[in-house]
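Everything on this sheet refers to the single structure shown next.
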Amino acid sequence: MTNFHISFGSEVADALRDRRPVVALESTIVSHGLPRPDNLLVARRIEQAVRDAGAVPATIGMVAGELIVGLDDAQLTRLATVDGVSKLSVRDLAVAAATGADGATTVAATSAVAAAAGIGVFATGGLGGVHREAAQTFDESADLVTLARTPIAVICAGVKSILDVGATLERLETLGVSVVGYRTRRFPGFYLTDAGFDLDWSVESPEQVADVLVARERQGVHHGGLMVANPLPVDQQLDPALHDRTLAEGLAMLAREGVTGKAVTPFLLAHFHSATEGASLTVNVRIILRNADLAARIAVATAARRTDSEA
1 MTNFHISFGS EVADALRDRR PVVALESTIV SHGLPRPDNL LVARRIEQAV
51 RDAGAVPATI GMVAGELIVG LDDAQLTRLA TVDGVSKLSV RDLAVAAATG
101 ADGATTVAAT SAVAAAAGIG VFATGGLGGV HREAAQTFDE SADLVTLART
151 PIAVICAGVK SILDVGATLE RLETLGVSVV GYRTRRFPGF YLTDAGFDLD
201 WSVESPEQVA DVLVARERQG VHHGGLMVAN PLPVDQQLDP ALHDRTLAEG
251 LAMLAREGVT GKAVTPFLLA HFHSATEGAS LTVNVRIILR NADLAARIAV
301 ATAARRTDSE A
């Protein structure tokens with residue numbers, strides 16, 4: 001019988017054993033979120049950003065049915081270059097393993113696998129959420145429900161602006177997911193610095209985020225996720241007028257072509273890349289690199305807090 005246990009890359013296994021800081025990274029951005037050949041180059045840059053800030057990167061994905069925490073470069077290359085890589089949410093993991101699939105993990109799957117592996121910090125670009133027209137379609141990302149029951153800190157640039165941001169924030173509140181702004185009281189909208197909604201809480205440093213994580217652990221009351229919303233500086237965001245025009249065009253194309261479900265986000269992201277002549281890709285890469293850096297600093301600070309408390 002095939003061994004269906006989670007496998008660990010050697011660097012990640014050593015770091016977890018030694019209780020050194022580790023940051024989980026998703027693989028969907030590699031296989032579905034960025035165009036080739038930029039995807040592989042960016043994936044390597046993301047891992048390097050984590051290393052440069054003092055932590056060990058753990059990119060999570062599935063290769064030939066094997067669920068791996070800490071893909072090596074050959075495995076990362078495979079997911080970035082072969083056709084037919086499945087987009088895996090939590091519900092897909094067991095089926096994909098049993099069928100020997102190559103798969104890239106979404107925010108939901110990466111969060112769940114990371115928590116199961118003992119990794120408490122995860123960097124991504126933007127979270128999934130409630131889709132526009134969800135009142136009719138019931139289309140809502142599994143990211144939200146997964147974070148409600150997964151004790152992990154997700155560092156992101158809010159939720160993708162192609163979603164219903166207000167409804168997503170309402171669902172996060174209902175589900176009990178903690179949301180804090182990083183040096184802001186305004187919720188970011190991925191490409192945009194400000195999505196138009198206030199936040200109740202903000203944190204000012206990686207050390208303060210680490211204190212939140214340690215407090216949650218010590219209290220033993222809240223077992224859901226923490227979203228750390230890290231906005232782009234205003235001068236680094238996508239031009240808001242260009243964003244709004246491109247989004248309107250993309251939504252109209254969705255309706256005309258009948259695109260639904262998992263295909264919506266990659267479809268719209270591809271449209272943004274094309275319609276903005278690559279400007280959205282530049283912003284997307286900037287977002288994930290900034291989040292990877294912040295996540296690593298949070299992981300380092302959290303590891304230090306735990307070491308100090310045991311001394």
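So for the sequence shown, full-length UniProt numbering puts the first residue at 1; every next one is plus one.
For glycine and all other residues, C-beta sits at the position ideal for the given N, C-alpha and C.
Item, Value
"Are the region 138 to 152 and the region 89 to 97 in contact at 8 Å, needing three or more beta carbon pairs?", "yes"
"Provide the residue span of the beta strand (DSSP E) that contains F122, from first to last.", "121 to 123"
"Could you spell out the range, first to last residue, of the alpha helix (DSSP H) harbouring A97?", "93 to 98"
"Assuming T105 is part of the beta strand (DSSP E), what are its boundary residues?", "103 to 105"
"Pick helix, strand or coil for T150, following the three-state DSSP scheme.", "coil"
"Alpha carbon to alpha carbon, what distance is there between P37 and S31?", "10 Å"
"Taking C-alpha atoms, which residue in A117, R78, V22, I298 lies nearest to S7?", "A117"
"Any C-beta of chain B sitting closer than 8 Å to the C-beta of G84?", "This model lacks chain B altogether; it includes just one protein chain."
"Taking the Cβ atom as the reference point for each residue, do G9 and L71 lie within a distance shorter than 8 Å?", "yes"
"Going by alpha carbons, who is nearest to P151 out of L254, R78, M227?", "M227"
"Among all the DSSP beta bridges, which residues are the ones paired with E140?", "V130"
"Considering T184, what are the terminal residues of the beta strand (DSSP E) in which it resides?", "No beta strand (DSSP E) holds T184; DSSP gives it neither H nor E."
"Can you give me the start and stop residues for the alpha helix (DSSP H) that V212 sits inside?", "206 to 219"
"According to DSSP, is P240 part of a helix, a strand, or is it coil?", "helix"
"Please classify A258: does DSSP put it in a helix, a strand, or coil?", "With the sequence shown as reference, residue 258 is identified as Gly, and Ala is not the correct amino acid for it. It is coil, neither helix nor strand."
"For the pair the region 198 to 211 and the region 242 to 252, tell me if three or more CB-CB distances fall below 8 Å.", "no"
"Kindly identify the DSSP beta-bridge partner or partners of V69.", "F8, I60"
"Give me the DSSP bridge partner(s) of K87.", "A104"
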